[in-house]
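Asks: Take a look at the following structure, please.
Protein chains: 4
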Amino acid sequence: MCAIVGVINSNEASKTAYYGLFSMQHRGQESSGISVSYNHHITTHKAQGLVTDVFSREKIASLKGNIAIGHNRYSTAGNSSKNDAQPVFANYDLGEISIVHNGNLINKNSVRQELIKEGAIFQSNMDTENILHLIARSKKETLKERIVDALNDIVGAYCLLIMGRSKIFAIRDKYGIRPLSIGRLKDAGYIIASETCAFDLVGAEFIRDVKPGEMIIFEEGKTEYTSIQLFEDIDPRICAFEYVYFARPDSTVEGKNVYNVRKELGRVLAKKSKFEADLVIPVPDSGVPAALGYSQESGIPFEMAIVRNHYVGRTFIEPTQEMRNLKVKLKLNPMEELLKDKRIVVIDDSIVRGTTSKKIIELLKHAGAKEIHIKIAAPEIKFPDLYGIDTPTTKELISANMSKDEVCKYIGADSLEFLEIDELVNAMGSERKYSLVSFDGNYFVK
Amino acid sequence: MCAIVGVINSNEASKTAYYGLFSMQHRGQESSGISVSYNHHITTHKAQGLVTDVFSREKIASLKGNIAIGHNRYSTAGNSSKNDAQPVFANYDLGEISIVHNGNLINKNSVRQELIKEGAIFQSNMDTENILHLIARSKKETLKERIVDALNDIVGAYCLLIMGRSKIFAIRDKYGIRPLSIGRLKDAGYIIASETCAFDLVGAEFIRDVKPGEMIIFEEGKTEYTSIQLFEDIDPRICAFEYVYFARPDSTVEGKNVYNVRKELGRVLAKKSKFEADLVIPVPDSGVPAALGYSQESGIPFEMAIVRNHYVGRTFIEPTQEMRNLKVKLKLNPMEELLKDKRIVVIDDSIVRGTTSKKIIELLKHAGAKEIHIKIAAPEIKFPDLYGIDTPTTKELISANMSKDEVCKYIGADSLEFLEIDELVNAMGSERKYSLVSFDGNYFVK
Amino acid sequence: MCAIVGVINSNEASKTAYYGLFSMQHRGQESSGISVSYNHHITTHKAQGLVTDVFSREKIASLKGNIAIGHNRYSTAGNSSKNDAQPVFANYDLGEISIVHNGNLINKNSVRQELIKEGAIFQSNMDTENILHLIARSKKETLKERIVDALNDIVGAYCLLIMGRSKIFAIRDKYGIRPLSIGRLKDAGYIIASETCAFDLVGAEFIRDVKPGEMIIFEEGKTEYTSIQLFEDIDPRICAFEYVYFARPDSTVEGKNVYNVRKELGRVLAKKSKFEADLVIPVPDSGVPAALGYSQESGIPFEMAIVRNHYVGRTFIEPTQEMRNLKVKLKLNPMEELLKDKRIVVIDDSIVRGTTSKKIIELLKHAGAKEIHIKIAAPEIKFPDLYGIDTPTTKELISANMSKDEVCKYIGADSLEFLEIDELVNAMGSERKYSLVSFDGNYFVK
Amino acid sequence: MCAIVGVINSNEASKTAYYGLFSMQHRGQESSGISVSYNHHITTHKAQGLVTDVFSREKIASLKGNIAIGHNRYSTAGNSSKNDAQPVFANYDLGEISIVHNGNLINKNSVRQELIKEGAIFQSNMDTENILHLIARSKKETLKERIVDALNDIVGAYCLLIMGRSKIFAIRDKYGIRPLSIGRLKDAGYIIASETCAFDLVGAEFIRDVKPGEMIIFEEGKTEYTSIQLFEDIDPRICAFEYVYFARPDSTVEGKNVYNVRKELGRVLAKKSKFEADLVIPVPDSGVPAALGYSQESGIPFEMAIVRNHYVGRTFIEPTQEMRNLKVKLKLNPMEELLKDKRIVVIDDSIVRGTTSKKIIELLKHAGAKEIHIKIAAPEIKFPDLYGIDTPTTKELISANMSKDEVCKYIGADSLEFLEIDELVNAMGSERKYSLVSFDGNYFVK
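This is how it looks when you write it as structure tokens:
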């Protein structure tokens with residue numbers, strides 16, 4: 001996961017990119033960066049931290065130019081480093097270039113080894129550097145041709161924004177796994193963003209999504225953009241996780257509003273089995289729409305019985321002797337007044353390791369709930385995702401190692417229910433295909 | 001508004017106070033501070049910023065001691081300054097002392113003038129300094145007697161925690177306007193806090209509220225506390241605004257759960273008038289419980305159709321040409337997919353100046369809502385509060401200057417409804433009295 | 001030690017004060033602060049750190065007004081705290097006031113106890129707060145009279161700058177222990193500073209010193225100042241340490257250039273005893289002028305054989321196994337090429353604890369010096385200073401506990417020589433008296 | 001200019017490198033960085049600022065390993081950027097590598113263009129990246145062979161430290177333009193540094209200089225090092241500027257102590273022409289030894305009549321109306337008491353643009369000097385240096401555009417004298433050759 005944004009033909013490009021990144025902060029909190037092209041030179045500012053930490057008003061004002069790209073990086077534990085912030089800038093054969101990337105290249109290691117064997121040097125751990133090298137090494141004459149050349153060598157999930165001195169190339173892989181949409185600014189400029197919620201904040205109008213396998217070229221000073229279909233064998237499969245928990249509920253992903261899809265997932269859960277309970281409660285915030293859908297379908301009253309504290313930020317976590325489950329409690333507090341002696345249905349978006357669910361159930365029991373029935377608005381996660389989502393290894397995925405009943409017992413619930421894969425697909429719309437690797441293990445990218 | 005916390009007989013007093021303040025961050029984001037008493041000396045750390053900005057793990061570890069008090073300061077525009085952080089510390093006749101204070105002393109100017117005339121010096125704008133001076137100038141022999149002396153000279157809304165070398169005095173004014181509750185820590189220590197949500201996070205058990213006009217004395221090493229009734233003529237009137245929007249929904253204020261009171265306010269709104277609409281939506285987060293109550297009572301479906309971005313933090317606000325209503329949009333984004341061509345009921349907690357409501361309605365119209373009916377889960381605010389809430393002057397209060405219909409027209413709604421004062425009182429419980437000054441102009445404190 | 005500065009009738013008062021403090025950074029590196037009076041209100045900014053750390057261009061620009069006072073605080077180990085930065089500001093009976101203070105009040109504890117008994121509260125450890133309280137408690141009608149009143153109650157070494165809304169009062173104690181001089185700015189304004197080197201930097205012209213026991217009143221908009229002699233029984237005794245090592249060599253203290261006095265001290269050392277040696281070297285920087293004087297008088301060649309590193313700043317000091325004497329070596333590096341097999345005379349300004357001298361001698365021996373003769377351009381320090389200099393207790397003063405020969409042996413020198421007190425006095429000028437407490441134990445202040 | 005340091009076989013390698021960089025802070029204040037190799041991985045920390053700003057105790061403690069290299073970067077106006085800090089790290093064919101570099105590659109642009117044509121990408125403006133690319137692209141099997149390969153393609157002045165997982169390669173170009181010396185640590189480790197003053201601070205013993213055209217290989221765990229002579233056609237020419245003003249006076253450059261050479265330069269100046277004057281004064285700090293030599297030779301008394309303020313740091317420079325020559329005055333203050341009505345000889349190390357000399361002379365005149373005779377302890381600078389020194393273009397070099405008499409008139413001196421080139425060479429030792437490009441325009445590097 002990550003967020004990318006591009007702005008062109010706006011005399012406040014860096015500011016528009018800034019607010020675009022701000023509205024997509026949920027897609028990445030580790031680092032943030034913006035490149036602008038001005039006076040034939042590209043300037044980049046990037047650093048670790050939230051968008052509002054990395055960029056002051058003065059910094060944005062200093063990033064002049066009509067063309068900008070930006071990036072929010074997701075915090076991936078372990079192999080990330082201070083250098084792994086984007087955009088990635090380079091001087092190369094055709095001048096200056098800057099790239100932002102959302103996704104994951106599955107052949108990154110082999111490409112990197114190949115490049116390294118040919119004498120390339122790498123200054124970070126990011127697969128984005130691969131693309132830069134491939135473009136720089138292509139023998140083609142124009143940047144456009146070189147990008148085409150480079151993309152022939154990479155395999156995986158990617159949305160790319162590539163900025164030269166006066167152009168932005170917006171590219172989506174042939175499966176369209178990650179989303180990328182185009183909006184029009186009021187002053188004839190364009191904004192390209194991972195999620196449409198960015199358009200709402202900056203006052204842009206949604207035009208259309210970049211299509212799977214498509215490259216769109218925006219040029220400074222031109223009101224029209226050009227489209228090139230890069231691949232013939234496209235096989236569109238938007239990632240189901242965008243609907244399940246990545247995207248903001250107010251975003252429209254590939255034509256479907258996320259909030260409505262989540263509500264529908266809740267309705268499907270309610271239809272699966274008749275069930276007697278006193279309350280339906282969501283694990284906030286991502287479980288809210290599904291819990292509403294469940295409540296509307298089942299008639300069981302909906303309550304926000306778990307209160308979420310949104311100030312978490314950089315709190316250190318070091319419990320005193322008497323504090324239990326501190327990490328979960330810093331965020332979530334169930335209310336005894338609502339839960340005591342009640343039979344409750346709890347709606348969550350997924351179970352990954354099972355540890356958080358276990359702790360939430362402990363807190364709900366402590367608050368006096370009589371019965372706790374967990375309903376997950378997604379299927380069991382049995383396989384690691386390789387297409388840009390930070391899921392743990394198979395060993396750590398609880399559903400890869402336990403049956404539904406064992407998981408139920410482990411987390412301490414009275415019952416546990418998941419969606420079936422086809423139920424998920426039906427709720428999202430069975431007229432098209434999806435990336436469902438975490439659920440079905442079908443690693444379709446070749 | 002502000003948050004105060006005290007901890008005694010805990011060998012991790014500063015850490016417990018830290019998490020207590022963290023859970024009450026919503027009551028004040030301007031500055032934060034903690035004093036500890038250790039080895040017969042009081043040490044204080046305070047600074048501007050959120051709790052998590054002001055205190056690092058190392059800073060908390062350096063604040064040793066079994067006894068601590070802490071404070072979050074509410075951001076009051078205009079007359080606040082860098083020096084106006086609490087606790088306020090002083091050396092005085094009986095040794096060292098530190099004080100935190102939630103509320104507002106209505107005779108602060110006259111007391112301050114009196115003290116200044118007698119030769120006192122003031123190093124901040126806080127009325128808390130008055131109390132320190134009065135204690136220091138009292139001729140009584142013990143701190144307890146001096147506090148009693150000092151309190152005889154001050155009039156207003158106050159919850160105080162006063163820390164000497166080895167004691168904490170917890171005091172509430174005779175009207176009990178601001179809340180203050182006592183919890184028991186697992187290791188026989190106590191925590192005193194403005195809101196009970198602090199107890200949940202630190203694993204403490206609610207014991208009871210400090211009573212109006214009561215002073216409770218906690219002593220280091222003693223498992224029992226002592227209570228003294230300071231005033232005979234008590235007239236308990238908890239502030240209605242705690243229920244309306246100050247307190248966290250998971251707090252219990254004077255025996256009543258805030259979430260449940262807010263839901264009841266929504267039910268009452270629904271009962272007031274039959275109404276045809278397609279959706280009930282809250283202005284998040286504070287409008288959520290009332291909207292749920294309204295929906296349950298009226299049968300009109302509830303939707304979270306306005307999405308709130310919780311990352312707002314320190315974003316600078318400087319719109320581009322094409323951005324309108326940026327300040328509101330940074331926080332709130334209405335979803336066209338849910339609102340288009342719908343008749344909607346919007347539940348909010350209050351209308352103060354009317355400017356925010358006006359902008360929200362613009363955004364809702366832009367999202368295609370056909371009819372917009374605003375229901376406020378509180379009466380019209382016609383008078384400035386003087387008891388610790390930062391309401392603007394009469395001139396700026398829209399309902400002090402316009403009729404309900406004029407306000408409706410000004411904000412651009414299709415209809416507008418408030419609660420009557422007695423409806424509010426009934427929902428909170430008519431068996432007791434409330435501070436309702438903003439609504440009825442009854443400035444009862446003498 | 002400390003530095004104070006005042007500026008009046010300059011439309012860039014804070015900037016002039018800033019550069020004044022910058023030029024006097026050697027007198028205090030712990031904290032820095034400036035108060036300005038503008039629009040009938042006093043604003044203060046102060047923080048820990050060097051002048052250039054505490055004040056940015058923007059901060060200075062924000063401190064508007066034609067009148068300013070400033071302070072650099074000396075780093076005194078142990079009992080200093082974050083709160084002990086100056087200026088000290090207060091609201092009091094006559095309005096707003098801000099004070100800076102260089103010196104030490106010897107009756108500070110008794111005055112503080114007296115004030116506390118009367119109900120005063122203290123928010124720092126600084127004796128400057130005493131003066132504020134005394135002024136606030138005086139029953140006189142004007143600030144001028146109140147200051148006179150207050151000064152009657154304090155005893156000690158002090159130079160004060162007291163700023164009201166539109167005036168600066170510059171005051172020196174009746175012994176004139178600490179220096180304070182007046183300079184005229186080109187635009188008819190004035191600058192008052194601890195040292196005349198401040199005048200050189202800001203382009204001011206030296207007018208005269210504030211006299212012992214004198215109060216000078218500068219008023220906004222007035223080109224003339226008023227002088228009041230506060231005490232009849234003046235007994236002028238400028239502190240000898242200003243000449244020995246406090247003041248910058250380019251300052252003129254009470255009419256005598258510091259560099260020239262130090263050179264003369266070196267000459268006197270040379271005249272004391274004929275001596276055969278190959279080189280005279282200073283411990284830089286303060287020993288340089290005396291070493292030059294010694295060289296000129298004795299004919300023994302002067303060399304800068306110890307190189308000083310001026311970047312020391314905030315280096316942490318944690319030697320590796322192979323590093324010895326790191327703390328001294330970070331600053332001072334003797335050159336083997338110059339010292340090997342040489343008989344050297346080393347000129348230093350004083351010996352306090354003896355530990356630094358011991359380490360320097362180790363380094364000189366390691367560099368191959370054949371004979372090391374230490375000459376101190378001051379008498380033996382046998383008594384703690386109480387008049388504003390941070391000397392340690394008698395127990396730690398090596399010359400209070402050892403004879404000259406014992407000290408010589410302890411530090412490992414081949415010979416050791418001090419000045420006699422009368423030699424010091426003659427070099428500074430025997431026509432007047434000096435504060436010599438560290439040398440003669442005559443605590444003359446009453 | 002820059003400083004480089006390498007440490008191997010020390011269990012406190014990063015700390016030793018830190019203190020080495022600290023002692024060479026004068027060679028570069030813009031940025032600082034250290035790489036360590038630990039557990040088969042290289043970690044780098046670098047940032048803008050002084051050594052003591054960039055590295056805290058904690059940061060150094062976190063840089064574990066027995067092998068480290070470090071760098072201080074000189075502030076070169078204009079084309080430097082935030083990214084231009086060293087060491088430069090990369091992953092490449094043989095694993096991980098980190099490089100530090102002092103000097104300037106004169107064919108850097110052609111090499112860079114060549115590399116770029118072949119598809120290389122550059123992420124900074126530093127020529128150090130060239131070397132990394134050349135090593136990465138070499139087809140040889142070992143790092144040693146690849147370095148040899150790479151060095152065949154570069155031309156210029158360079159001292160390099162190249163760190164692989166377990167080795168440090170120390171390399172000096174065949175002219176030996178920049179210095180590089182080897183020291184032995186007490187625990188059988190080695191330190192390699194630009195200047196020998198680094199050895200003094202860390203307690204290392206000087207072994208020998210790296211020879212021109214030599215590569216020395218240090219290996220983890222081995223007490224012996226290996227030497228390889230890379231070039232046959234060596235032509236040793238240490239840069240004369242190291243003696244003139246770069247190096248610290250306590251360093252020994254190519255066997256000669258810098259202080260002594262500078263003193264000799266002063267003596268030569270004195271011998272050139274008999275001269276009547278009252279005082280010889282240096283422009284501190286670099287002019288001090290030459291002024292001492294001049295004084296000893298001529299018999300004219302030496303005085304430190306210009307006082308230098310060492311706190312300059314990051315002061316902003318924005319004079320008030322009455323401040324003139326602020327930039328020079330922040331550093332230098334001439335003393336009227338010493339200069340008034342005197343005929344003075346001023347010794348400085350060089351005249352580059354002439355603007356600083358002009359301002360110093362204004363200040364000396366303002367201080368009352370009767371005659372001002374400028375003696376420069378170096379020849380006229382008529383040509384830009386290309387071998388690692390930041391001299392301006394020919395257009396800005398005053399001596400490239402004016403005769404000595406014109407310069408004298410421009411700066412306002414009563415007389416002006418430079419050294420002849422052969423006088424400089426004789427003082428440094430005529431038995432060897434020097435890089436003298438700034439003086440003679442002989443760009444010998446091919």
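Same order as they appear, the protein sequences are chains A, B, C and D. Counting from 1, one number per residue, gives the positions in the first sequence under full-length UniProt numbering. Counting from 1, one number per residue, gives the positions in the second sequence under full-length UniProt numbering. Counting from 1, one number per residue, gives the positions in the third sequence under full-length UniProt numbering. Counting from 1, one number per residue, gives the positions in the fourth sequence under full-length UniProt numbering. Yeah, the Cβ is synthetic: ideal placement off N, Cα and C, and Gly gets one too.
Could you give the residue range of the alpha helix (DSSP H) that holds residue 428(B)?
Replies: Residue 428(B) sits at position 428 when you count from the first residue of the second sequence. Start and end: 421-428.
Asks: Taking DSSP's pairing of strands, which residues face residue 159(A) in a bridge?
Replies: Residue mapping note: residue 159(A) aligns to position 159 of the first sequence, counting from 1. Per DSSP, 102(A), 172(A).
Asks: Can you tell me whether residue 266(D) is helix, strand or coil according to DSSP?
Replies: For the purposes of this step, residue 266(D) is identified with residue 266 of the fourth sequence, where counting begins at 1. Of the three classes helix, strand and coil, the one that applies to residue 266(D) here is helix, per DSSP.
Asks: Below 8 Å CB to CB, which residues in the same chain sit around residue 273(C) once its five sequence neighbours on both sides are set aside?
Replies: By one-based count along the third sequence, residue 273(C) stands at place 273. So the list reads 417, once near-sequence residues are dropped.
Asks: Counting pairs of beta carbons, one from the segment 199-214 of chain B and one from the segment 179-188 of chain B, are three or more of them closer than 8 Å?
Replies: Yes, since at least three Cβ pairs between the segment 199-214 of chain B and the segment 179-188 of chain B fall closer than 8 Å, the two stretches touch.
Asks: From residue 132(A) to residue 90(A), what distance separates their C-alpha atoms?
Replies: Counting from 1 along the first sequence, the entry for residue 132(A) is found at position 132. Counting from 1 along the first sequence, the entry for residue 90(A) is found at position 90. For residue 132(A) and residue 90(A), the distance between alpha carbons rounds to 8 Å.
Asks: Distance check for residue 186(C) and residue 323(D), CA to CA, integer angstroms please.
Replies: The residue labelled residue 323(D) in the question sits at position 323 within the fourth sequence. The residue labelled residue 186(C) in the question sits at position 186 within the third sequence. About 9 Å.
Asks: Quick check for students: name the residue ranges of the alpha helix (DSSP H) that lie wholly in the segment 25-54 of chain D, counting only runs of 4 or more.
Replies: Runs of the alpha helix (DSSP H) inside the segment 25-54 of chain D: 51-54.
Asks: With contact counted as at least three CB pairs below 8 Å, one residue from each stretch, are the segment 107-120 of chain D and the segment 26-33 of chain D in contact?
Replies: Too few Cβ pairs lie closer than 8 Å, so no.
Asks: Report the neighbours of residue 329(C) on chain D: residues whose CB is nearer than 8 Å to its CB, in chain order.
Replies: Reading the third sequence from its first residue, position 329 is the one you call residue 329(C). Under the 8 Å cutoff, chain D gives 200, 201.
Asks: May I ask you to check if the CB of residue 348(C) is nearer than 7 Å to at least one heavy atom of the ligand GDP?
Replies: The ligand GDP is absent from the structure shown, which contains no ligands of any kind.
Asks: Touch check for the segment 385-402 of chain A and the segment 349-359 of chain A: three-plus C-beta pairs under 8 Å?
Replies: Short answer: they touch.
Asks: If we count Cβ pairs, one from each stretch, closer than 8 Å, do we get three or more for the segment 357-370 of chain D versus the segment 332-349 of chain D?
Replies: Contact holds: three or more Cβ-Cβ distances are below 8 Å.
Asks: Within 8 Å of any Cβ in chain D, is that where the Cβ of residue 301(C) sits?
Replies: Against the third sequence, residue 301(C) aligns to sequence position 301. Chain D, which has a Cβ nearer than 8 Å to the Cβ of residue 301(C), makes this yes.
Asks: For residue 57(D), count neighbouring C-beta atoms within 10 Å of its own C-beta (all shown protein chains included) and say buried if the count is 16 or more, exposed if not.
Replies: Here residue 57(D) corresponds to residue number 57 of the fourth sequence, with the count starting at 1. Exposed.
Asks: Name the chain B residues whose beta carbon is nearer than 7 Å to that of residue 140(C)?
Replies: The count along the third sequence starts at 1 and reaches residue 140(C) at position 140. Neighbours of residue 140(C) on chain B: none; closest Cβ ~11 Å, over 7 Å.
Asks: CA-CA distance, residue 248(C) and residue 308(D)?
Replies: Counting from 1 along the third sequence, the entry for residue 248(C) is found at position 248. Counting from 1 along the fourth sequence, the entry for residue 308(D) is found at position 308. Distance between the alpha carbons of residue 248(C) and residue 308(D): 10 Å.
Asks: Are the segment 302-317 of chain D and the segment 285-305 of chain C touching, with three or more C-beta to C-beta distances below 8 Å?
Replies: Taking 8 Å as the limit for Cβ pairs, the verdict is that the segment 285-305 of chain C does touch the segment 302-317 of chain D.
Asks: For the alpha helix (DSSP H) that contains residue 355(A), what are its first and last residues?
Replies: Reading the first sequence from its first residue, position 355 is the one you call residue 355(A). Taken as a continuous stretch (DSSP letters only), the alpha helix (DSSP H) holding residue 355(A) covers 355-366.
Asks: What residue from 300(C), 204(C), 257(C), 157(C) has the CA that sits closest to residue 278(C)'s CA?
Replies: The count along the third sequence starts at 1 and reaches residue 278(C) at position 278. Checking every option, the nearest Cα to that of residue 278(C) belongs to 300(C).
Asks: Beta-carbon separation of residue 346(C) and residue 375(C) under 8 Å?
Replies: Here residue 346(C) refers to the residue found at position 346 of the third sequence. Here residue 375(C) refers to the residue found at position 375 of the third sequence. The answer is yes: Cβ separation under 8 Å.
Asks: Any Cβ of chain D within less than 8 Å of the Cβ of residue 191(A)?
Replies: As a working mapping, residue 191(A) is identified with position 191 in the first sequence. No, no contact with chain D.
Asks: Is residue 249(A) helix, strand or coil by DSSP?
Replies: The residue given as residue 249(A) occupies position 249 in the first sequence. If DSSP states are grouped into helix, strand and coil, residue 249(A) belongs with coil.
Asks: Looking only at DSSP bridge pairs, what is residue 438(B) linked to?
Replies: Here residue 438(B) is taken as the residue at index 438 of the second sequence, counted from 1. In the DSSP output, where bridge partners are listed per residue, residue 438(B) has none listed.
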